[in-house]
Amino acid sequence: MSVIFKKNNSFVLVKNIDSADETQKIKVKVLVLWKSYKSSGNTHEMGTRIHAQVEEDLMKKHLTVLKEGEAVSINTFQLKDSLGEFRTNPYPYKITFFRTTKVKAADDFFEYYPVKYFSNFENILSGKLDKNVLVDVIGQIVNIGPMEQIKTKGKDNSKLDIILRDTMNVHLTCTLWSDFAKKVMDYTKENNTTIVICVIKFACIKEYKGNYNL
Numbered sequence: 001m002s003v004i005f006k007k008n009n010s011f012v013l014v015k016n017i018d019s020a021d022e023t024q025k026i027k028v029k030v031l032v033l034w035k036s037y038k039s040s041g042n043t044h045e046m047g048t049r050i051h052a053q054v055e056e057d058l059m060k061k062h063l064t065v066l067k068e069g070e071a072v073s074i075n076t077f078q079l080k081d082s083l084g085e086f087r088t089n090p091y092p093y094k095i096t097f098f099r100t101t102k103v104k105a106a107d108d109f110f111e112y113y114p115v116k117y118f119s120n121f122e123n124i125l126s127g128k129l130d131k132n133v134l135v136d137v138i139g140q141i142v143n144i145g146p147m148e149q150i151k152t153k154g155k156d157n158s159k160l161d162i163i164l165r166d167t168m169n170v171h172l173t174c175t176l177w178s179d180f181a182k183k184v185m186d187y188t189k190e191n192n193t194t195i196v197i198c199v200i201k202f203a204c205i206k207e208y209k210g211n212y213n214l
């Protein structure tokens with residue numbers, strides 16, 4: 001008698017990942033890469049986001065394929081609890097890579113940006129949202145403050161406050177730092193006769209004396 005094992009080549013949706021199965025394969029798009037002691041990429045597929053983390057000793061192997069805006073397939077990985085501050089999404093798990101994890105470029109990936117990820121201004125201002133989870137917002141820039149130079153960790157840092165307005169005429173103050181501040185300031189100066197719509201991804205909700213902003 002012979003036994004034939006059939007290899008499973010089908011992709012699993014992010015929302016359907018089984019934490020007990022380490023042989024699953026997903027197709028995702030890399031949204032953002034943070035290069036630090038540990039490299040992390042935020043990915044999403046079929047409108048569901050999940051955070052992925054690559055340990056330092058595996059970075060060289062995978063960073064040639066993991067590029068912002070590019071779709072990839074990831075095969076053989078582990079799910080771990082996603083806890084703590086500054087989580088990129090509310091999904092309770094994150095992906096971690098093994099030495100045997102395989103990452104390849106993927107085709108036929110959708111390009112639209114799910115509207116569901118834009119947070120409601122009123123929910124931010126009322127303190128209803130979890131401050132440990134980063135948010136995305138979209139709005140018209142209606143006011144720009146002066147560029148300030150703030151010393152942080154012994155270095156001068158550019159700081160710019162802008163006010164966004166949503167479709168319900170609710171205003172939200174957002175603080176931009178460093179290159180983000182300079183780019184927004186330069187762009188608005190060059191386009192001061194037009195309406196400027198701003199999209200901010202992975203912003204941190206801050207609270208000061210009962211007032212909330214980004």
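Residue numbers 1 to 214, in UniProt numbering, belong to the letters of the sequence shown in order. Beta carbons: idealized from backbone N, C-alpha and C, even for Gly.
Backbone secondary structure at residue i - three-state DSSP
i    : result
Y187 : helix
S73  : strand
I138 : strand
I195 : coil
A181 : helix
Y117 : helix
I150 : strand
I124 : helix
L63  : coil
L214 : coil
D57  : helix
C174 : strand
N132 : coil
E207 : strand
Straight-line gap, residue i to residue j (C-alpha atoms, nearest Å)
i    : j    : result
N157 : P146 : 14 Å
N191 : K153 : 33 Å
S10  : M168 : 43 Å
L83  : I95  : 13 Å
P90  : I197 : 26 Å
Y144 : M185 : Checking the displayed sequence, the identity of residue 144 turns out to be Ile instead of Tyr. Their backbone Cα atoms lie some 8 Å apart in a straight line.
F5   : T76  : For F5, the predicted model reports a pLDDT of 39, less than 50, meaning its position is unreliable; a value from the coordinates is still stated below. Rounded to the nearest angstrom, the two C-alpha atoms are 18 Å apart.
F121 : V137 : 8 Å
Y117 : R49  : 9 Å
Y187 : D81  : 40 Å
T194 : K183 : 17 Å
D179 : K189 : 15 Å
G139 : K61  : 39 Å
G69  : K155 : 31 Å
Selected residue, minimal CA-CA separation from residue i, among the options
i   : options               : result
V72 : N213, L63, K182, Q78  : L63
Q78 : S119, N192, T175, Y93 : Y93
I74 : S82, L83, Q53         : Q53
E85 : T194, V135, V196      : V135
R99 : G127, M59, G69, T173  : M59
D57 : C198, T193, N213, F97 : F97
E55 : E68, E70, F118, T101  : T101
Own chain, CB closer than 8 Å to residue i, minus 5 neighbours either side, in chain order
i           : result
V142        : I163, L164, R165, H171
residue 241 : A query on residue 241 cannot be resolved here, the shown segment of the chain reaching from 1 to 214 and no further.
N123        : L129
L214        : I124, V135, V137, L172, T173, C174, T175, I200, A203, C204, I205, K206
R87         : H51, N132, V133, L134
The ligand GTP heavy atom lying under 7 Å from the CB of residue i
i   : result
L79 : For the ligand GTP, the structure offers nothing, since it holds no ligand at all.
Spatial neighbours of residue i in its chain, beta-carbon cut-off 7 Å, leaving aside the 5 residues before and after
i    : result
K159 : E148, I150, T175, W177, A181
Contacts around residue i, its chain only, beta-carbon distance under 6 Å, and the 5 residues preceding and following it disregarded
i    : result
G127 : Y212
S119 : V135, V137
- prompt: Does the pairing of the region 88-108 with the region 151-167 give three or more beta-carbon distances under 8 Å?
  reply: no
message: Whether or not the region 119-133 and the region 187-207 are in contact is what I'm after, with contact meaning three or more pairs of Cβ atoms, one per stretch, closer than 8 Å; do they touch?
response: yes
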